[in-house]
Amino acid sequence: DAKTTQPTSMDCAEGRAANLPCNHSTISGNEYVYWYRQIHSQGPQYIIHGLKNNETNEMASLIITEDRKSSTLILPHATLRDTAVYYCIVRATTSGTYKYIFGTGTRLKVLA
Amino acid sequence: GAVVSQHPSWVICKSGTSVKIECRSLDFQATTMFWYRQFPKQSLMLMATSNEGSKATYEQGVEKDKFLINHASLTLSTLTVTSAHPEDSSFYICSVYGDRAYEQYFGPGTRLTVT
């Protein structure tokens, strides 16, 4: 699976959009990009995933560059409850068992 | 989706003893479950893939004789830390694939402290 690179930490003002970048320059054609977040001392929570088109759901938007070498997770109106570690993961969908390899993640702190 | 529980949520044991952690898929039959370990302020590290009715597949560097995994039913996988040592103190998290195959659903985690 491709390796991902994310900034270690970011701050965001409450109510503003939080834009979390992720580099996955070695991603291959069949690998999806997944985003999860982990609030302190809890299990990770699924946010969104995509292959090459931009995606939006009730939690966030995912913007994937045309060359698919990077992506950005957007939380449109960050709240204090969005303070968490955000993980960007790429995972192949054609192998028999789909494993997630977590990178270091970005620690997002939403400030009041 | 899938709801995943873990038991216990936290456990303290003495060095040299063994401790068993349960992972249950409450509303979904999971042929595959995953076990992760997470040290403070670090990321999740995949330990092993647990397959119902067969032997688990361990990641490189994970001692299979120390971390015994049993996946005897479609709703239960157990991780037993044998002869625990203080360095085994960690946050252990399991996950399953739910009805939407693109999502892994994670349990709440079990915090193990070995004294």
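Protein chains in written order, with my numbering: chain Y, 48 to 159; chain U, 474 to 588.
No residue lacks a Cβ here, since even glycine has one placed at the ideal position from N, Cα and C.
When the cut-off is 8 Å and only beta carbons count, does residue 74 of chain Y lie next to chain U?
-> For residue 74 of chain Y, no Cβ of chain U is located within less than 8 Å of the residue's own Cβ.
Contacts around residue 151 of chain Y, its chain only, beta-carbon distance under 8 Å, and the 5 residues preceding and following it disregarded = Setting aside the 5 residues that flank it on each side, residue 151 of chain Y is surrounded in the same chain by 53 and 55, each with a C-beta closer than 8 Å to its C-beta; the list follows chain order.
Residue 151 of chain Y versus chain U: which residues are under 7 Å apart at the beta carbon?
-> In chain order: 516.
Identify every residue that forms a DSSP beta bridge with residue 138 of chain Y.
-> Paired residues: Y:79.
Stretch-stretch touch, CB-based, cutoff 8 Å, three pairs: the stretch 113-120 of chain Y with the stretch 485-497 of chain U = no
Counting Cβ pairs, one atom from each stretch, are 3 or more of them under 8 Å apart for the stretch 547-558 of chain U and the stretch 124-140 of chain Y?
-> No: fewer than three Cβ pairs fall under 8 Å.
Separation of residue 77 of chain Y from residue 141 of chain Y, as counted between CA atoms = Any answer about residue 141 of chain Y is weak, because its pLDDT of 48 lies below 50 and its placement is not dependable; what the coordinates show is given next. Looking at the two C-alpha atoms, the distance is approximately 7 Å.
Does the Cβ of residue 86 of chain Y have 16 or more other Cβ atoms within 10 Å, making it buried, or fewer, making it exposed?
-> exposed
Spatial distance of residue 100 of chain Y from residue 94 of chain Y (CA atoms) = 16 Å
Compare the C-beta of residue 494 of chain U with all C-beta atoms of chain Y and state if any pair is closer than 8 Å.
-> no
Using DSSP with H/G/I as helix, E/B as strand and the rest coil, what is residue 84 of chain Y?
-> Taken through DSSP and simplified to helix, strand or coil, residue 84 of chain Y comes out as strand.
Bridge-paired residues (DSSP) for residue 478 of chain U | Beta-bridge pairing links residue 478 of chain U to U:497.
Is it buried or exposed for residue 16 of chain Y, if we count other Cβ within 10 angstroms and need 16 for buried?
-> The question about residue 16 of chain Y has no answer here: the residues shown for chain Y are numbered 48 through 159.
Spatial distance of residue 502 of chain U from residue 494 of chain U (CA atoms) | 19 Å
Can you check the stretch 96-121 of chain Y for any beta strand (DSSP E) of at least 3 residues that lies completely inside it and give the ranges in chain order?
-> 108-111
As assigned by DSSP and simplified to three states, the class of residue 549 of chain U | Three-state result, residue 549 of chain U: strand.
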